[in-house]
């Protein structure tokens with residue numbers, strides 16, 4: 001394998017990693033990279049590998065929240081603790097589970113329907129849809145916190161995540177729209193969105209272990225896979241940190257403009273090439 005191909009894999013790791021947490025559709029960007037530059041990774045397990053890399057970055061960034069939830073959940077279940085903090089984290093965990101169920105079931109049912117052969121036109125249209133959805137929440141300043149959530153909210157956010165099964169729709173964007181749509185403030189909405197990302201991503205990784213192990217390309221692609229994996233972890237970390245800063249400053253609208261611009265470009269490219 002030559003240096004150019006290794007650089008290609010690193011580039012795809014950076015692209016996938018950076019666009020995974022921000023609401024602009026990482027899968028759509030990979031389609032665009034393939035069409036414009038002829039950059040496409042060999043090996044069926046590559047995207048799953050990058051998704052796992054992003055999961056590691058998310059786990060690291062939210063490690064304190066995850067640890068606190070696990071500790072309080074353990075206190076509630078095994079030690080009978082019934083203080084406000086333990087109760088809140090127990091309910092919060094239940095809501096995360098409820099919100100995960102719709103996309104898990106739908107993903108299994110549509111596994112053979114949702115394919116990789118996605119056109120630039122489809123990606124462009126879905127980016128426009130993502131931009132429109134983000135436009136409607138650009139100025140929302142919800143006041144609801146974690147303790148204010150209920151089962152209905154969890155179901156709505158879970159259903160919004162299902163929309164992201166459509167190639168070109170941003171998962172983080174769809175779930176942010178759902179979370180902020182039910183009145184969550186930006187910080188808590190972002191936290192819920194990425195804690196919700198963990199079981200979905202982890203489930204995908206576990207289910208796909210067999211595909212990764214049986215991938216005929218895995219032996220020859222070990223080095224570029226490893227480099228792309230590391231690149232995706234780093235890129236996801238900085239992408240998510242940047243998104244947190246954007247949300248804190250209330251500048252979510254920049255992603256609306258970006259989705260409109262890239263979506264329009266993708267549509268025009270598909271129509272005139």
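In the UniProt record's numbering, the protein residues as written are 1 to 273.
All C-beta atoms, glycine included, are put in the ideal place defined by N, C-alpha and C.
Nothing here was measured: the structure is a model prediction, and the numbers come from that model.
{"Item": "Integer Cβ distance of residue 23 from residue 255, believed to fall under 8 Å", "Value": "5 Å"}
{"Item": "Cutoff 7 Å: residue 144 Cβ touching any chain B Cβ", "Value": "The structure shown contains no chain B, having only a single protein chain."}
{"Item": "Anticipated Cβ contact below 8 Å, residue 27 with residue 208, distance rounded", "Value": "At roughly 15 Å, the Cβ-Cβ gap does not stay under 8 Å, so residue 27 and residue 208 are not in contact."}
{"Item": "Spatial neighbours of residue 128 in its chain, beta-carbon cut-off 6 Å, leaving aside the 5 residues before and after", "Value": "263"}
{"Item": "Backbone CA spacing between residue 100 and residue 174 [nearest angstrom]", "Value": "14 Å"}
{"Item": "C-alpha gap between residue 78 and residue 92, whole angstroms", "Value": "17 Å"}
{"Item": "Inter-stretch contact at 8 Å, needing at least 3 Cβ pairs: the segment 130-138 / the segment 163-179", "Value": "yes"}
{"Item": "Beta-carbon proximity check, residue 233 vs residue 57, cutoff 7 Å", "Value": "yes"}
{"Item": "Minimum C-alpha distance to residue 164 - residue among 130, 257 and 80", "Value": "130"}
{"Item": "Residue 62, enclosing alpha helix (DSSP H) - first and last residue", "Value": "Residue 62 -> no alpha helix (DSSP H), and no H or E assigned at all."}
{"Item": "Sequence ranges, alpha helix (DSSP H) only - wholly within the segment 16-60, length at least 4", "Value": "26-37"}
{"Item": "Cβ contact (3+ pairs, closer than 8 Å) linking the segment 29-39 and the segment 182-195", "Value": "no"}
{"Item": "Residue burial classification, residue 83 (beta-carbon count within 10 angstroms, cutoff 16)", "Value": "exposed"}
{"Item": "Inter-residue spacing [alpha-carbon to alpha-carbon] between residue 185 and residue 146", "Value": "9 Å"}
{"Item": "Other residues of its chain near residue 90: CB distance less than 8 Å, five sequence neighbours each side excluded", "Value": "72, 73, 76 and 77"}
{"Item": "Cβ separation of residue 102 and residue 243, assumed to be a contact under 8 Å, to the nearest whole Å", "Value": "Actually they do not touch by this definition, with Cβ atoms about 24 Å apart."}
{"Item": "Paired residues, beta bridge with residue 144 - DSSP", "Value": "184"}
{"Item": "Nearest candidate by alpha-carbon position, reference residue 106, set 166, 144, 226 and 229", "Value": "166"}
{"Item": "Residue span of the alpha helix (DSSP H) that contains residue 239, given as start and end", "Value": "222-248"}
{"Item": "For residue 152, the three-state DSSP class (helix, strand or coil)", "Value": "helix"}
{"Item": "Integer Cβ distance of residue 201 from residue 51, believed to fall under 8 Å", "Value": "6 Å"}
{"Item": "7 Å Cβ cutoff met for residue 227 and residue 39", "Value": "no"}
{"Item": "Anticipated Cβ contact below 8 Å, residue 149 with residue 95, distance rounded", "Value": "5 Å"}
{"Item": "Distance between beta carbons of residue 55 and residue 205, contact taken as under 8 Å", "Value": "7 Å"}
{"Item": "For residue 183 and residue 248, believed in contact at Cβ under 8 Å, the rounded distance", "Value": "Actually they do not touch by this definition, with Cβ atoms about 18 Å apart."}
{"Item": "Start and end residues, alpha helix (DSSP H) containing residue 137", "Value": "120-137"}
{"Item": "For residue 171, the nearest candidate out of 154, 7 and 25 (CA to CA)", "Value": "25"}
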